[in-house]
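Encoded as structure tokens, the structure appears first; notes follow it.
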Amino acid sequence: MHCNRNNQNACIAVSAGISGTCEEDQAQVESNGWVPRKVNIMIWRAIQERILTMKVLSYRDILIHSSSHCPMCQEEDETVNHLYTSCPWLIPFWARLAVWFKVNPIFAFEFLDITDFYKFYSGSPKRKKLIHVIIYVATWIIRKARYSKVFEGKSTSPDQILGETQSMAYLRIKSKAKLEVSWENWTAFDFIM
Ligand SMILES: [Zn+2]
1 MHCNRNNQNA CIAVSAGISG TCEEDQAQVE SNGWVPRKVN IMIWRAIQER
51 ILTMKVLSYR DILIHSSSHC PMCQEEDETV NHLYTSCPWL IPFWARLAVW
101 FKVNPIFAFE FLDITDFYKF YSGSPKRKKL IHVIIYVATW IIRKARYSKV
151 FEGKSTSPDQ ILGETQSMAY LRIKSKAKLE VSWENWTAFD FIM
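In full-length UniProt numbering, the protein residues as written are 1 to 193.
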């Protein structure tokens with residue numbers, strides 16, 4: 001069942017792993033207690049194309065820039081899929097993330113390919129859960145970098161995105177998963193789980 005405006009709040013609660021009845025949407029944002037609630041909600045909204053992008057703003061005729069172009073690359077319309085999967089600004093980040101994970105390059109054609117990446121990661125269930133958190137946190141950091149560019153004119157490099165993703169996920173994992181790993185080993189992705 002898809003959500004409509006009447007049960008929107010219930011659906012957000014479902015997506016955050018609380019309770020509810022929107023099974024299909026819940027399946028798209030699988031519950032993981034290590035993921036911050038605000039991140040789950042943002043991802044759920046992004047899957048529904050309900051986060052503000054230049055494309056959405058152009059539909060609503062309230063653009064703060066002169067076009068619907070992506071503020072990061074200025075090459076294509078900014079949609080959720082563009083920002084997360086094909087924006088030239090961000091492609092190097094996914095390559096760096098794969099190197100950190102010690103896996104083959106990450107190929108994504110749509111946003112769900114990114115959010116579902118952990119499902120195809122071969123590792124223990126706990127490690128899979130960890131990858132889930134990191135990928136979700138990365139989407140939050142990317143969104144934050146996009147806001148910095150639009151509202152403050154600040155550019156963020158792929159290396160900075162990786163560093164912030166590593167930091168936020170590290171703090172989360174240390175507190176929620178009780179993983180005993182040094183920062184050095186974390187950034188080398190060298191630990192047993
Ligand atoms: Zn772009």
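Even for Gly, the Cβ is constructed at its ideal location relative to N, Cα and C. Small disclaimer: the values here were computed from a predicted structure and weren't measured.
**Q.** For Asp-77 and Cys-87, believed in contact at Cβ under 8 angstroms, the rounded distance
**A.** Numbered from its first residue, the sequence shown carries residue 87 at position 87. Numbered from its first residue, the sequence shown carries residue 77 at position 77. The pair is not a contact, with the Cβ atoms about 11 angstroms apart (cut-off 8 angstroms).
Q | Glu-30 versus Lys-176 - alpha carbon distance | A | Within the sequence shown, the letter at position 30 stands for residue 30. Within the sequence shown, the letter at position 176 stands for residue 176. Cα to Cα, Glu-30 sits roughly 17 angstroms from Lys-176.
**Q.** Backbone secondary structure at Asp-159 - three-state DSSP
**A.** In the sequence shown, counting from the first residue as 1, residue 159 sits at position 159. Reduced to three states, the DSSP call for Asp-159 is helix.
**Q.** Secondary structure, alpha helix (DSSP H): runs of 4+ residues fully inside the region 141-190
**A.** 158-176, 183-187
Q. So is Val-35 buried or exposed if we call it buried at 16+ other beta carbons inside 10 Å?
A. Stepping through the sequence shown from its first residue, residue 35 is reached at position 35. Buried: at least 16 other Cβ atoms inside 10 Å.
Q) Is Asn-104 buried or exposed, if buried means 16 or more other CB atoms sit within 10 Å of its CB? A) Translated into positions along the sequence shown, residue 104 becomes position 104. Asn-104 comes out exposed.
Q: Report, in whole angstroms, the separation of the C-beta atoms of Ile-47 and Tyr-84, which I expect to be a contact under 8 angstroms.
A: Translated into the one-based positions of the sequence shown, residue 47 becomes position 47. Translated into the one-based positions of the sequence shown, residue 84 becomes position 84. Going by Cβ atoms, the distance from Ile-47 to Tyr-84 rounds to 11 angstroms, so no, they are not a contact pair.
Q.
Can you check which of these residues, Asn-185, Leu-179, Lys-129, is closest to Lys-119 by C-alpha distance?
A. For the purposes of this step, residue 119 is taken as residue 119 along the sequence shown, with counting starting at 1. Closest option to Lys-119, Cα to Cα, is Lys-129.
Q) Taking the C-alpha atoms as reference points, what is the distance between Leu-162 and Trp-44? A) What you label residue 162 is simply residue 162 of the sequence shown in a count that begins at 1. What you label residue 44 is simply residue 44 of the sequence shown in a count that begins at 1. Each residue's Cα considered, the two are about 22 angstroms apart.
Q: For Asp-116, name the three-state secondary structure that DSSP assigns.
A: The residue labelled residue 116 in the question sits at position 116 within the sequence shown. Three-state result, Asp-116: coil.
**Q.** Burial state of Leu-97 (16 or more Cβ within 10 Å)
**A.** Looking up residue 97 in the sequence shown gives position 97. Flag for Leu-97 reads buried.
Q: Give the straight-line distance between the Cα atoms of Ile-142 and Met-193, rounded to the nearest whole angstrom.
A: Along the sequence shown, one-based indexing puts residue 142 at 142. Along the sequence shown, one-based indexing puts residue 193 at 193. Linking Ile-142 to Met-193 through their CA atoms gives a straight-line distance of about 26 angstroms.
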